[in-house]
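If you read the sequence shown in my numbering, its first letter stands for residue 8, the second for the next number, and so on. Positions of the beta carbon are idealized from the N, C-alpha and C atoms, including for glycine. Predicted, not measured: the structure shown is a model, and the values here were computed from it.
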Amino acid sequence: MRLIDTHTHLDFEPFDSDRRQVIDHCLALGVKRMIVLGVFEANWQRVWQLAQREPSVFAAPGLHPAYLHIHHDDDLQRLREWLEHRHGEEKLCAIGEIGLDYYIEAPDRERQQFFLETQLQLASEFQLPVLLHVRRAHAAMIATLKRQKLPRSGIVHAFSGSWEEAREYLRLGYKLGLGGAGTWPQAQRMHRVLQQLPLEGIVLETDAPDMPPASHPGERNSPEYLPDICQALAKLKRIDPQELATHSYRNSCEVFGWKQDYQA
């Protein structure tokens, strides 16, 4: 089984003591590539250095809506300069984590929208896919993506919306990132949506160190748990785990423009 973790924060502090061991174990388990996302300007270089050091790690810099309180408008110019400096490098695979978060207390929706639309424009200019964070904001996000159609679309991370919302993203060419949250028994709506999702629209992720699967309650989440997530979601979808792994791998390669190799 070959897998790609399309969304992880392996640069975060919870991995500082055993990051090398985690990566080695991932490779042994079949997790062959991991996308590590930037969330604010100060961690882009840390993410990039990790990607340069580790053959299996790829970088996606961005300005996350939940960190809006520490973002500066100048950070958008810095992101442009960062992309210009590294444009065309193999390890730069997307822009993310970007998006809209209306779940946080008193969200500044106007400023979130400004940061989102500016980063979508950068994705268009630099011909990169986007990795989207969306919480309680699917209608606004879908409307935005219809206005700003990107040449390479991307992934809606940690999707937990309705089938109708899923269908809109799929129609726009986006893949839906599924992870540990969907493996919990109480995620009944997600289980129903999963039954309807076409395999061509699914990619797998962990969002480590957050959102551990039901098989690892209360633990630090890790890309090492991606095979467990694949097994659990395949069971809920009533398909063979290898089938889900193969489609997720293929879909991930499609998003990031990688050569597709499906050998288990």
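Continuous beta strand (DSSP E) stretch holding residue i: start and end
{"i": "D235", "result": "Taken as a continuous stretch (DSSP letters only), D235 belongs to no beta strand (DSSP E), being part of the alpha helix (DSSP H) at L233 to K244."}
{"i": "L17", "result": "From DSSP, L17 is part of no beta strand (DSSP E); its letter is neither H nor E."}
According to DSSP, residues forming a beta bridge with residue i
{"i": "K182", "result": "I162"}
{"i": "L44", "result": "A67"}
{"i": "H140", "result": "G106"}
{"i": "L10", "result": "V38"}
{"i": "V210", "result": "G184"}
Supposed close pair residue i, residue j - CB separation, criterion 8 angstroms
{"i": "L86", "j": "Q119", "result": "About 16 angstroms separates the two Cβ atoms, so there is no contact after all."}
{"i": "I236", "j": "G186", "result": "6 angstroms"}
{"i": "L107", "j": "P72", "result": "6 angstroms"}
{"i": "A252", "j": "L36", "result": "At roughly 11 angstroms, the Cβ-Cβ gap does not stay under 8 angstroms, so A252 and L36 are not in contact."}
{"i": "A239", "j": "T190", "result": "4 angstroms"}
{"i": "I209", "j": "K182", "result": "7 angstroms"}
{"i": "L7", "j": "I162", "result": "Examination of residue 7 is not possible in this model, given that the chain is present from 8 through 271 alone."}
{"i": "K39", "j": "S63", "result": "6 angstroms"}
{"i": "G69", "j": "Q126", "result": "6 angstroms"}
{"i": "F47", "j": "I77", "result": "6 angstroms"}
{"i": "A165", "j": "A188", "result": "6 angstroms"}
{"i": "W170", "j": "Q195", "result": "About 13 angstroms; that fails the 8 angstroms criterion."}
{"i": "C260", "j": "Q267", "result": "4 angstroms"}
Boundaries (first-last residue) of the alpha helix (DSSP H) holding residue i
{"i": "L36", "result": "R26 to L36"}
{"i": "L152", "result": "H145 to R154"}
{"i": "Q134", "result": "Taken as a continuous stretch (DSSP letters only), Q134 belongs to no alpha helix (DSSP H), as it is neither H nor E."}
{"i": "R53", "result": "W51 to R60"}
{"i": "R227", "result": "Neither: R227 is in no alpha helix (DSSP H) and is coded neither H nor E."}
{"i": "S169", "result": "Where S169 is concerned, there is no enclosing alpha helix (DSSP H), given that its DSSP letter is neither H nor E."}
{"i": "P192", "result": "That residue, P192, is in no alpha helix (DSSP H); it is neither H nor E in DSSP."}
{"i": "P248", "result": "P248 to F263"}
Return the chain-ordered ranges of every alpha helix (DSSP H) run that is complete within the segment 66-125 and spans a minimum of 4 residues.
80-93
The segment 12-26 contacting the segment 214-221, beta-carbon criterion three pairs below 8 angstroms
The segment 12-26 and the segment 214-221 touch, with no fewer than 3 CB-CB distances between them shorter than 8 angstroms.
Three or more C-beta pairs closer than 8 angstroms, one from the segment 220-229 and one from the segment 158-177: is that the case here?
no
The segment 229-247 touching the segment 21-38, judged by at least three CB pairs closer than 8 angstroms
Result yes; three or more Cβ-Cβ pairs closer than 8 angstroms.
Pair every Cβ in the segment 97-117 with every Cβ in the segment 128-145, then say whether three or more of these pairs are closer than 8 angstroms.
yes
Between the segment 252-262 and the segment 50-67, are three or more C-beta pairs nearer than 8 angstroms?
No: the two stretches stay apart, fewer than three of their Cβ pairs being nearer than 8 angstroms.
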